[in-house]
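Counting the sequence shown from 1 gives a position; my numbering is that position plus 6.
Glycine is no exception: its CB is placed at the ideal position from the N, C-alpha and C atoms.
Single-structure report; data block below.
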Amino acid sequence: MITYANVAKRNAYSSDELVTAHVELVSRIAHHLAARLPSSVDVNDLMQSGMVGLLEAAGNFDASRGASFETYAGIRIRGAMLDDIRKHDWTPRSVHHKYRQVAEAMNAIEGETGRAATSEEVVDRLGITIGEYHKILADSSSSRLFSYEEAVEEPTLQRKPPSSDTPRPDQQLYQEQFREQLSGSIDQLPERERLVLSLYYEQELNMKEIGAVLDVSESRVCQIHGQAVMRLRAAAQRW
Numbered sequence: 007m008i009t010y011a012n013v014a015k016r017n018a019y020s021s022d023e024l025v026t027a028h029v030e031l032v033s034r035i036a037h038h039l040a041a042r043l044p045s046s047v048d049v050n051d052l053m054q055s056g057m058v059g060l061l062e063a064a065g066n067f068d069a070s071r072g073a074s075f076e077t078y079a080g081i082r083i084r085g086a087m088l089d090d091i092r093k094h095d096w097t098p099r100s101v102h103h104k105y106r107q108v109a110e111a112m113n114a115i116e117g118e119t120g121r122a123a124t125s126e127e128v129v130d131r132l133g134i135t136i137g138e139y140h141k142i143l144a145d146s147s148s149s150r151l152f153s154y155e156e157a158v159e160e161p162t163l164q165r166k167p168p169s170s171d172t173p174r175p176d177q178q179l180y181q182e183q184f185r186e187q188l189s190g191s192i193d194q195l196p197e198r199e200r201l202v203l204s205l206y207y208e209q210e211l212n213m214k215e216i217g218a219v220l221d222v223s224e225s226r227v228c229q230i231h232g233q234a235v236m237r238l239r240a241a242a243q244r245w
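Right under this line is the structure:
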């Protein structure tokens with residue numbers, strides 16, 4: 007396999023070789039994101055936008071900044087895919103509206119009680135049925151699967167490559183405070199919601215695999231995930 011190290015040894019750095027060597031990285035990232043999105047998002051479209059990110063990465067990579075090409079390319083590839091998803095927003099406006107209503111209700115209840123809001127409390131506050139609530143969770147989960155990942159790190163095609171330079175004090179303080187607040191909010195989630203987030207984001211299992219682990223349906227996992235993300239969004243409003 008061609009690697010940047012091999013190319014450097016020959017003193018014949020070629021962006022074409024870097025692209026050829028990392029096409030599989032594009033495919034891997036595309037399929038990982040596609041597993042988190044509705045079927046209306048075509049994995050081939052993600053791969054096309056990801057290839058743009060890979061080409062940009064190969065053309066702009068600077069090894070002197072202290073990052074490996076694969077790390078840098080991964081950021082640019084994923085950023086290109088996310089940019090394309092945002093550009094062609096397939097989420098109906100009604101989904102965004104209902105999502106905000108649930109997040110606001112959850113935020114209000116948790117602010118009043120000092121504990122995680124239950125499904126029944128949210129349903130009563132909004133005057134909807136439990137079935138409607140579960141549908142909102144499923145729809146919002148599909149449209150916001152990157153919510154707290156992107157809050158920590160939101161790569162774009164314009165993002166500069168990782169640098170070995172020390173972050174500015176204000177940047178470092180913000181990142182530390184955000185991680186501390188996010189970690190604290192995750193710790194306060196109900197146990198099952200924490201487990202789903204861990205399996206989904208850390209272990210990178212898909213919804214079906216998580217369902218098998220928890221012995222529940224895939225749709226139920228989607229509901230649990232959606233509720234967890236709702237809670238984190240509500241908590242972010244209080245920060």
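- Counting other Cβ atoms within 10 Å of its Cβ, Q233 reaches 16 or more and is therefore classed as buried.
- Following the DSSP letters along the chain, one finds E208 in no alpha helix (DSSP H), marked with neither H nor E.
- Our two residues, A36 and E197, have alpha carbons roughly 30 angstroms apart in a direct line.
- Distances from the alpha-carbon of V49 to those of R84, Y207, N113 put R84 closest.
- Around the beta carbon of V219, fewer than 16 other beta carbons sit within 10 angstroms, so the residue counts as exposed.
- Shown here, D221 sits in coil according to DSSP, grouped into three states, outside any helix or strand.
- Two segments are said to touch when three or more pairs of C-beta atoms, one from each, lie closer than 8 angstroms; by this definition the region 23 to 40 touches the region 56 to 66.
- Setting aside the 5 residues that flank it on each side, A109 is surrounded in the same chain by M236, R239, A240, Q243, each with a C-beta closer than 8 angstroms to its C-beta; the list follows chain order.
- When the five nearest sequence neighbours on each side are left out, the beta carbons in the same chain lying within less than 8 angstroms of the beta carbon of A79 are those of L24, H28, L31, G59, L60, A63, A64, F67, in order along the chain.
- Counting only the Cα atoms, I81 lies some 21 angstroms from L203.
- Comparing C-alpha distances from M87 to each of Q54, D145, R200 shows the shortest one belongs to Q54.
- Excluding residues up to 5 positions away in sequence, V108, S125, V128, V129, L132 lie with their Cβ nearer than 8 angstroms to the Cβ of Y139 in the same chain.
- With contacts defined by Cβ atoms closer than 7 angstroms, I136 and K104 do not form a contacting pair.
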